[in-house]
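Visitor: Can you keep this structure in mind? I'll have questions shortly.
Residue numbers (the numbering used here): 584 to 910.
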């Protein structure tokens, strides 16, 4: 009897391990392969300094991608997030130049991106307009505002705060990376442990059930887009500290990279399934590929094509694995 129980326990443990392995997005394994390949091509690739550089480069995009993940979970996309990041760098400097304390200007800018996000949600929910179209329009509006405020060029404001954010390290890890970790924890808790997070999953997975439960999809969408806007605002502050100026096009294209990272991380556009943990792997894949190509000396004119091909291959592999796991 004891032998039978032991066999059953071992079988159960094996099944549990297999289930955990299946939960790991394929992009994580692809990440290991990519790192191994670059390490083979350049022995210095795995150095701590290079790993630190990758984290620093990935931090702003990773924060944006956390917000994008929330939107994708509702079966939507926010194409204005990159524009919101650029806007924060511009508007913060614009306010600081006019006598407002830089830190206060940062908070005001984050509030503005929350309002932009809320407006996006209102247009999508009340206007019944596809998120892609609504947020693409908002992207152009926000970009235009940034360009108008700067007359099409960068604007500057000198502050010691920039260096505090970019040069401070805790346990050899830059402060901005810890900020990204804090944002991850907050978003993970919101999605997994709160009613608001449950409603976000419900918007993408079973919107009719939300209505039957007496929950307003309109209010929930507005809150979700506002939440993503706030996260983009935080990414904008981090970006400002890195570039030390207001740059109206500094985050151009980040919204598409954030969507790619979200999908690479296993979040579904159709089923309301996934989460921010996988998004981390997606962002790291994109940034590690770009970093590795720079380290081994690949010309920039070829990098976009290589990155695009690898990202597309990873998404296809992920889709195939998901289809087979359902069979």
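Each residue gets a CB set at the ideal place from its N, CA and C atoms; glycine is no exception.
(1) Under the rule that 16 or more other beta-carbon atoms within 10 Å means buried, what is residue 663, buried or exposed?
(2) Do residue 725 and residue 680 come within 8 Å of each other at the CB atom, strictly closer than that value?
(3) By the DSSP assignment, the alpha helix (DSSP H) with residue 853 in it spans what residues?
(4) What span of residues does the alpha helix (DSSP H) with residue 769 cover, start to end?
(5) How should residue 750 be labelled, buried or exposed, when 16 other C-beta atoms within 10 angstroms of its C-beta is the threshold for buried?
(6) Identify, in the order they occur along the chain, each residue of the same chain with its Cβ nearer than 7 Å to the Cβ of residue 827, setting aside the five sequence neighbours on each side.
(7) Write down every uninterrupted run of the alpha helix (DSSP H) in the segment 784 to 832 whose length is 4 residues or greater and which is fully enclosed by it, in chain order.
(8) Look at the alpha carbon of residue 718 and the alpha carbon of residue 648, and state the distance between them as a whole number of angstroms.
(9) Give every residue of the same chain whose Cβ lies closer than 6 Å to the Cβ of residue 685, excluding the five residues on either side of it in the sequence, and list them in chain order.
(10) Flag this pair as touching only if the segment 807 to 826 and the segment 721 to 735 have three or more C-beta atom pairs under 8 Å; answer yes or no.
(11) What distance in whole Å lies between the Cβ atoms of residue 872 and residue 893, which are believed to be in contact at a cut-off of 8 Å?
(12) Based on the DSSP secondary-structure assignment, which residues constitute the bridge partners of residue 753?
(13) Check whether the Cβ atoms of residue 807 and residue 653 lie closer than 8 Å to each other.
(14) Suppose the cutoff is 7 Å on Cβ atoms and the five residues either side in sequence are ignored; what does the same chain contact list for residue 691 look like?
(15) Specify, as a first and last residue, the run of the alpha helix (DSSP H) that residue 664 falls within.
(16) Let me know if residue 631 comes out buried or exposed under the rule of 16 or more other beta-carbons within 10 Å of its beta-carbon.
(17) Does the distance from the C-beta atom of residue 609 to that of residue 733 stay below 8 Å?
(18) Excluding the 5 residues preceding and the 5 following residue 846 in the sequence, name in chain order all residues of the same chain whose CB lies nearer than 8 Å to its CB.
(19) Is it the case that the Cβ atoms of residue 760 and residue 639 are separated by a distance below 8 Å?
(20) Excluding sequence positions up to five away, which residues of its chain have a Cβ less than 8 Å from the Cβ of residue 795?
(21) Could you give the distance in angstroms between the alpha-carbon of residue 764 and the alpha-carbon of residue 689?
(22) Can you tell me which of the three DSSP states residue 738 falls into?
(23) Alpha carbon to alpha carbon, how far is residue 672 from residue 813?
(24) Look at residue 644 and residue 840 and say whether their C-beta atoms are less than 8 Å apart.
(25) Around the C-beta of residue 777, are 16 or more other C-beta atoms found within 10 angstroms, so that it is buried, or is it exposed?
(26) Using CA atoms only, rank isn't needed, just tell me which of 816, 674, 641 and 620 is closest to residue 738.
(27) Since residue 623 is in the alpha helix (DSSP H), which residue starts that stretch and which ends it?
(28) Use the C-beta contact count for residue 669: other C-beta atoms within 10 angstroms, 16 or more gives buried, fewer gives exposed.
(29) What is the rounded straight-line gap between the Cα of residue 730 and the Cα of residue 736?
Guide: In short, the structure shows the following:
(1) buried
(2) no
(3) Unbroken run through residue 853: none, as it is neither H nor E.
(4) 758 to 776
(5) exposed
(6) 745
(7) 790 to 795 and 800 to 826
(8) 16 Å
(9) 679, 742 and 744
(10) no
(11) 6 Å
(12) 756
(13) yes
(14) 678
(15) 664 to 680
(16) exposed
(17) no
(18) 655, 852, 865, 898 and 901
(19) yes
(20) none
(21) 20 Å
(22) strand
(23) 14 Å
(24) yes
(25) exposed
(26) 674
(27) 609 to 624
(28) buried
(29) 7 Å
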